[in-house]
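There are 2 protein chains.
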Amino acid sequence: MKKNASLVDVARRAKVNISTVSRTINQTGKIGMDTQERVLRAMRELGYKPNRVARRLRARGSSSFLLGLIIPNIQNIFFADLARGVEDVAYRSNYAVLLCNYDEDEAKERFYLDVMQLESVDGIILPPIHEEDPAVLQVVRNGTPVVCVDRSLARGGLDKVEVDNHLGALRAVEHMIAQGHRRIGLIGGPADSSTGKERTRGYKDAHLQAGLPLKTELMRFGDFKQESGRTLAHELLGLTDPPSALFVCNGLMTAGALEAIAARGLKIPRQVGIVGFDELPLAEVFNPPLTVVRQPAYEVGKCAAELLLKRIEDRQRPTTSLKLHPELILRKSC
Amino acid sequence: MKKNASLVDVARRAKVNISTVSRTINQTGKIGMDTQERVLRAMRELGYKPNRVARRLRARGSSSFLLGLIIPNIQNIFFADLARGVEDVAYRSNYAVLLCNYDEDEAKERFYLDVMQLESVDGIILPPIHEEDPAVLQVVRNGTPVVCVDRSLARGGLDKVEVDNHLGALRAVEHMIAQGHRRIGLIGGPADSSTGKERTRGYKDAHLQAGLPLKTELMRFGDFKQESGRTLAHELLGLTDPPSALFVCNGLMTAGALEAIAARGLKIPRQVGIVGFDELPLAEVFNPPLTVVRQPAYEVGKCAAELLLKRIEDRQRPTTSLKLHPELILRKSC
DNA sequence: CCAGGCAAGGCAAACGTTTGCCCCCGCTTG
DNA sequence: CAAGCGGGGGCAAACGTTTGCCTTGCCTGG
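Encoded structure:
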């Protein structure tokens, strides 16, 4: 149980006061060149590393080098990519990341939000659980920098990074229509999530533009989980006049829909076409390869972390909101 | 920038000393019932939450409620599942998890190991970068509890949770042989990783058991990344006497091999069979569905976290090492 | 020659806990 | 009646930093 060297040890060795050591480390205050030399040497000799905990305790609200990231579920590849983006830029600036999964559970979100504050993180990145998230607003009021990703908050005037969900859905469904599909089933997301709503809006607008009627019986809404994709696809494909193609609003539900299609022995794209939101790991080698809307998840995380770092440096800077473009990847499933 | 209530505030409100408050919270020391009541009420009224940073600073080596998890890459679904397992049991015990990706990069691993110690985490879970990992050994010597997952350390006498890689590979290749394959290509992992070695050993033992010769030209070794899976599959399938089936030693490389197979227009399983280590998201709905060796990733994380929590409570307890069984999921690709 | 200024660096408080030590008081025991 | 004891709770140090303020000595301008 060897203890790390502390400021005191370094100070003793360099024959200066601890404040001098602190100041040479942080480049704050006036210290003579020769003294700095001595201090630096002592640090090197002792292998000194500043204690992050003590630093955070003292220096409330700056330079604690810890970022919080709260996401629904790391098992969702979209969020894994996003997390990776965050971590990479954090690492480059010597920040570490406290990662939590809240599972769309408000109690859990609240718990983790508390943890983040009690850990005095420098800032938090998260997709709010819904558009009016009082817990998040509270955190913001406390003065902790927050950046929203993927989903956004109605109020609060926060930095945010989103994907243009409307555009992505619009392009996808336009393409489906261009392929000759007239009855397109929608497997949408929850109506109270901004992503769910926007994608549905894209689906509808594509129909409107093409002068196609919207049929309620072709529009179903799930919870972004695989199970609901399967169930809803079965419902749609079991209709007496089933859709000739399916537009599925996220990756997990797409996997579910694919299950249903396989179970019914339907051939893609001949008997049923499918386009899903989110790139999937095996999509390219799937048989047939899957046409998807790829979200730039990594970039979302990267941009969010960059924004957060900037805000930590300058809390007065005007808030910026980024909208990244998804990409329709044309393959063979529709 | 409203500050949280502190011990001092609670003490003032309950008209007691801060030590009394601390002791009622931690159930340490003798405090009268009525005093406890007063303190508890004051805490409730002020919405007091103990400051985790201060607590960690003071109480070195216990109850700081933070676990460290260092993994190669969260984008690898195996580690995402594992991370989720860790987080779920951590959450249940009010622990938070500091997650870092080290990308098989020793400098990065070292950096994060430092961070963990400087953050005074209660314990660390990680797959060591290789079997003799001096940085990890150093951390152990410093007195921080460590649990190895997936891979293990040659020395150190640590708690660990692994998957029976040898068994998994053995069963898979046995099955391939039972299907009539006599020339089975191996796309293996790095020779200096325990997982890579064990799986290769399983491949070899299956051949030995069946009295089949090992052909060097059929055994290739990659780095567990998709790219190398593709390249090596191309090499193997381009042989003048190519293998009739491929055994691929992790998920990412399996995806790569599938790319190569698709590029060559080969039909699975008629022209080439394939079995991969790791379950893949779309494996079940793939055409044909993929036969894989499923690793219980979530359980590995779960067990590791449980072991770590136990060790944090009692540092003297004998070390235990778990070996979880993988499962051969028979589908149609071989 | 002196006041004022500036560079260099020391002193000590503060961040919010935990914890060893001590004190007080009332009761038991011999 | 004195000594001992134990329950209840206060005091203050300590964890390792950062930082406001102060001191010192030297230099410069008037």
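Each protein sequence line maps, in turn, to chains A and B.
My numbering numbers the first residue of the first sequence as 1 and each following residue consecutively.
My numbering numbers the first residue of the second sequence as 335 and each following residue consecutively.
Note that the Cβ used here is the ideal one computed from N, Cα and C, for glycine as well.
Name the two residues that bound the continuous beta strand (DSSP E) containing residue i.
| i | result |
| --- | --- |
| Ile521(B) | Ile518 to Gly522 |
| Asp493(B) | Asp493 to Val497 |
| Val121(A) | No beta strand (DSSP E) contains Val121(A), which DSSP labels as neither H nor E. |
| Ser527(B) | That residue, Ser527(B), is in no beta strand (DSSP E); it is neither H nor E in DSSP. |
Measuring only between beta-carbons, confirm whether residue i sits less than 8 Å from chain B.
| i | result |
| --- | --- |
| Asp81(A) | yes |
| Leu330(A) | no |
| Pro339(A) | Shown here, chain A extends from 1 to 334; a query on residue 339(A) therefore has no answer. |
| Arg52(A) | yes |
| Val146(A) | no |
| Val338(A) | In the structure as shown, chain A begins at 1 and stops at 334. Residue 338(A) is therefore absent and cannot be evaluated. |
| Glu45(A) | no |
| Ile74(A) | yes |
If you measure from the CB of residue i, is any heavy atom of the ligand ATP nearer than 7 Å?
| i | result |
| --- | --- |
| Ala263(A) | Annotation note on the ligand ATP: not contained in the displayed structure, which lists no ligands. |
Please confirm whether residue i has its beta-carbon closer than 8 Å to some beta-carbon of chain A.
| i | result |
| --- | --- |
| Phe620(B) | yes |
| Lys559(B) | no |
| Lys383(B) | yes |
| Ala589(B) | yes |
| Ala579(B) | no |
| Ala596(B) | yes |
| Gln361(B) | no |
| Cys434(B) | yes |
| Arg645(B) | no |
| Glu593(B) | yes |
| Phe650(B) | In the sequence on display, residue 650(B) carries Gln and not Phe. Not closer than 8 Å to any Cβ of chain A, the Cβ of Gln650(B) fails to qualify, so no. |
| Leu571(B) | no |
Which residues share a DSSP beta bridge with residue i?
| i | result |
| --- | --- |
| Leu504(B) | Bridge partners of Leu504(B): none, in fact. |
| Cys148(A) | Leu126(A) and Lys160(A) |
| Asn101(A) | Ile71(A) |
| Lys657(B) | Glu496(B) |
| Ile329(A) | Val292(A) |
| Met219(A) | Leu186(A) |
| Leu66(A) | Ala96(A) |
Which residue's Cα is closest to the Cα of residue i: the options?
| i | options | result |
| --- | --- | --- |
| Tyr382(B) | Asn338(B), Ala639(B), Leu504(B) and Thr354(B) | Asn338(B) |
| Val285(A) | Thr625(B), Ile602(B) and Ala589(B) | Ala589(B) |
| Asp241(A) | Arg55(A), Glu217(A) and Ser6(A) | Glu217(A) |
| Val146(A) | Val136(A), Arg155(A) and Ala154(A) | Val136(A) |
| Thr144(A) | Pro127(A), Gly123(A) and Glu162(A) | Gly123(A) |
| Gln513(B) | Arg651(B), Thr625(B), Arg485(B) and Leu642(B) | Thr625(B) |
| Asp103(A) | Val121(A), Leu232(A), Pro72(A) and Glu87(A) | Pro72(A) |
| His659(B) | Gly522(B), Met553(B) and Arg505(B) | Arg505(B) |
| Ile411(B) | Leu662(B), Arg645(B), Glu640(B) and Gly635(B) | Gly635(B) |
| Ser194(A) | Ser19(A), Arg151(A) and Val89(A) | Arg151(A) |
| Val582(B) | Pro623(B), Leu641(B), Leu400(B) and Val507(B) | Val507(B) |
| Asp415(B) | His515(B), Lys657(B), Ala488(B) and Arg628(B) | Arg628(B) |
| Ile352(B) | Leu341(B), Ile359(B), Gly572(B) and Asn360(B) | Leu341(B) |
| Glu379(B) | Ala348(B), Ile602(B) and Arg392(B) | Ala348(B) |
| His541(B) | His515(B), Gly563(B) and Lys531(B) | His515(B) |
| Leu330(A) | Ala283(A), Gln27(A), Asp34(A) and Ile312(A) | Ala283(A) |
| Asp612(B) | Arg475(B), Arg533(B), Ile595(B) and Leu546(B) | Arg533(B) |
Please tell me whether residue i and residue j are closer than 8 Å, where the distance is taken between their beta carbons.
| i | j | result |
| --- | --- | --- |
| Thr653(B) | Asp493(B) | yes |
| Cys668(B) | Met510(B) | yes |
| Val350(B) | Met377(B) | no |
| Gly536(B) | Met587(B) | no |
| Arg418(B) | Gln226(A) | no |
| Leu403(B) | Val449(B) | no |
| Ala579(B) | Gly607(B) | yes |
| Leu214(A) | Ile125(A) | no |
| Pro134(A) | Pro615(B) | no |
| Ser93(A) | Leu322(A) | no |
Please report the residue range of the alpha helix (DSSP H) in which residue i lies.
| i | result |
| --- | --- |
| Ile595(B) | Gly585 to Ala597 |
| Arg392(B) | Arg386 to Arg392 |
| Val473(B) | Pro468 to Arg475 |
| Lys310(A) | Ala297 to Glu313 |
| Val582(B) | Counting along the chain, Val582(B) falls outside any alpha helix (DSSP H), though it belongs to the beta strand (DSSP E) covering Ala579 to Val582. |
| Phe277(A) | First-last for Phe277(A): Gly273 to Phe277, but that is the beta strand (DSSP E), not the alpha helix (DSSP H). |
| Leu616(B) | Leu616(B) -> no alpha helix (DSSP H), and no H or E assigned at all. |
| Val16(A) | Premise fails: Val16(A) is in no alpha helix (DSSP H) and is neither H nor E. |
| Gln370(B) | Met367 to Leu380 |
| Gln560(B) | Gln560 to Leu571 |
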